[in-house]
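Participant: If you scroll down you'll find the structure; I have some questions about it.
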Amino acid sequence: DQQVKQNSPSLSVQEGRISILNCDYTNSMFDYFLWYKKYPAEGPTFLISISSIKDKNEDGRFTVFLNKSAKHLSLHIVPSQPGDSAVYFCAASAQGGSEKLVFGKGTKLTVNP
Amino acid sequence: DAEITQSPRHKITETGRQVTLACHQTWNHNNMFWYRQDLGHGLRLIHYSYGVQDTNKGEVSDGYSVSRSNTEDLPLTLESAASSQTSVYFCASSDPGTSYEQYFGPGTRLTVT
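Protein chains in written order, with the numbering used here: chain A, 260 to 372; chain B, 30 to 142.
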């Protein structure tokens, strides 16, 4: 049973527009969420995170929104740039647990010039 | 600068052979993790360790083993390689109690023929 779901395998947007990547989770024990970015032939790199005590966290062009009642989070990238083209993974962890991360399958974002 | 390295970056082996993938981190992190990435599955946890002499099974541990004799290294061993273990393998580390962010290595692409 997949606990972290990224239902869109791919997303294509125009440079300068907003990119919205979505993630749903089923485990109510998850209370910390992270987004990772991965370029081909490289390891994933941490992008932004959010604790369940917040509903929004912003870092430059990247904002993550958390809707706990819907068990849904989203990553907004504004404005999108061609260098943002990568695979984005959503991950979740349960505090007080094992510090393991559970990852979604990823969404491949393509930003067209 | 602190880093996490993996070797080899590419490996081709035959079915039935024992293979060991190396992971070395200079962050001095107690937590270390091994994942595999496959198309359609995202990142799946194989084994993890919270410190020297500690090892734990992850979601897809069958056919794999790890050992932790020091803080810096967590080698992953495939006891008898199978074609189903053809994948890209990532090692990661994190600092317990301060952040759930995991730092990833560049990955090892393993092909079992």
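Ideal placement from N, C-alpha and C gives every residue a C-beta, glycine not left out.
If you follow the beta strand (DSSP E) that alanine 121/B is part of, which residue opens it and which one closes it?
Facilitator: The residue labelled residue 121/B in the question sits at position 92 within the second sequence. Taken as a continuous stretch (DSSP letters only), the beta strand (DSSP E) holding alanine 121/B covers 116 to 123.
Participant: With a threshold of 8 angstroms between beta carbons, is leucine 72/B in contact with chain A?
Facilitator: As a position in the second sequence, residue 72/B is number 43, starting the count at 1. It does; some Cβ of chain A falls within 8 angstroms.
Participant: Given that glutamate 317/A touches chain B, what residues does it touch there, using C-beta distances under 9 angstroms?
Facilitator: Walking along the first sequence from the start, residue 317/A turns up at place 58. Near glutamate 317/A there are no residues of chain B at all, since even the closest Cβ is about 17 angstroms away, more than 9 angstroms.
Participant: When you check each C-beta in the segment 116 to 137 of chain B against every C-beta of chain A, which residues fall closer than 7 angstroms?
Facilitator: For the segment 116 to 137 of chain B, which is checked against every Cβ of chain A, the residues closer than 7 angstroms are Phe119, Ser123, Pro125, Tyr129, Glu130, Gln131, Phe133, Gly134, Pro135, Gly136.
Participant: Excluding the 5 residues flanking serine 308/A on each side, which residues of the same chain have their C-beta closer than 8 angstroms to its C-beta?
Facilitator: Indexing the first sequence from 1 puts residue 308/A at position 49. So the list reads Tyr291, Phe292, Leu293, Trp294, Asn316, Val323, once near-sequence residues are dropped.
Participant: Check aspartate 283/A in the structure and name its three-state DSSP category.
Facilitator: Counted from its first residue, the first sequence places residue 283/A at position 24. If DSSP states are grouped into helix, strand and coil, aspartate 283/A belongs with the strands.
Participant: Report the option in Ala300/A, Ser269/A, Pro341/A, Ser311/A whose CA atom is closest to the CA atom of leucine 332/A.
Facilitator: Here residue 332/A corresponds to residue number 73 of the first sequence, with the count starting at 1. If we check each option's Cα against that of leucine 332/A, Ser311/A comes out closest.
Participant: Under a three-way DSSP split, which group does glycine 80/B fall into?
Facilitator: In the second sequence, counting from the first residue as 1, residue 80/B sits at position 51. Strand at glycine 80/B.
Participant: Going along chain A, which residues have a C-beta under 8 angstroms from glycine 69/B?
Facilitator: In the second sequence, residue 69/B corresponds to position 40, counting from 1. In chain order: Lys364.
Participant: Of all the beta strand (DSSP E) runs that stay within the bounds of the segment 55 to 115 of chain B, which reach a length of 3 or more residues?
Facilitator: Entirely contained in the segment 55 to 115 of chain B, the beta strand (DSSP E) runs reaching 3 residues are, in chain order, 60 to 67, 71 to 80, 83 to 86, 93 to 95, 105 to 107.
Participant: Would you kindly report the start and end of the unbroken beta strand (DSSP E) that includes lysine 367/A?
Facilitator: One-based indexing of the first sequence puts residue 367/A at position 108. 366 to 371 is the extent of the beta strand (DSSP E) around lysine 367/A.
Participant: Does the CB of tyrosine 291/A have a neighbour CB from chain B at under 8 angstroms?
Facilitator: To locate residue 291/A, count along the first sequence from 1; it is residue 32. Yes - at least one Cβ of chain B is within 8 angstroms of the one on tyrosine 291/A.
Participant: Under 7 angstroms Cβ-Cβ, which residues of chain B neighbour threonine 369/A?
Facilitator: Translated into the one-based positions of the first sequence, residue 369/A becomes position 110. Listed along chain B, no residue sits closer than 7 angstroms to threonine 369/A by beta-carbon distance, the nearest being about 17 angstroms off.
Participant: Please work out which residues of its chain come closer than 6 angstroms, Cβ to Cβ, to phenylalanine 289/A, disregarding the five sequence neighbours upstream and downstream, and give them in chain order.
Facilitator: Translated into positions along the first sequence, residue 289/A becomes position 30. Ala351, Ala353.
Participant: For tyrosine 77/B, which residues in chain A fall below 7 angstroms Cβ to Cβ?
Facilitator: Counted from its first residue, the second sequence places residue 77/B at position 48. Residues of chain A passing the Cβ test: Lys359.
Participant: Give the secondary structure of aspartate 343/A by DSSP, where H, G and I count as helix, E and B as strand, and everything else as coil.
Facilitator: Reading the first sequence from its first residue, position 84 is the one you call residue 343/A. Three-state result, aspartate 343/A: helix.
Participant: What does asparagine 60/B reach in chain C if we use C-beta pairs closer than 8 angstroms?
Facilitator: The structure shown contains no chain C; its protein chains are A and B.
Participant: Any beta carbon of chain B sitting closer than 8 angstroms to that of serine 311/A?
Facilitator: Along the first sequence, one-based indexing puts residue 311/A at 52. By this cut-off, serine 311/A is not an interface position.
Participant: Measure from the alpha carbon of threonine 140/B to the alpha carbon of each residue in Pro125/B, Asn57/B, Asp91/B, Thr49/B, then state which is nearest.
Facilitator: The sequence position of residue 140/B within the second sequence is 111, counting from 1. Here the closest residue by C-alpha is Thr49/B.
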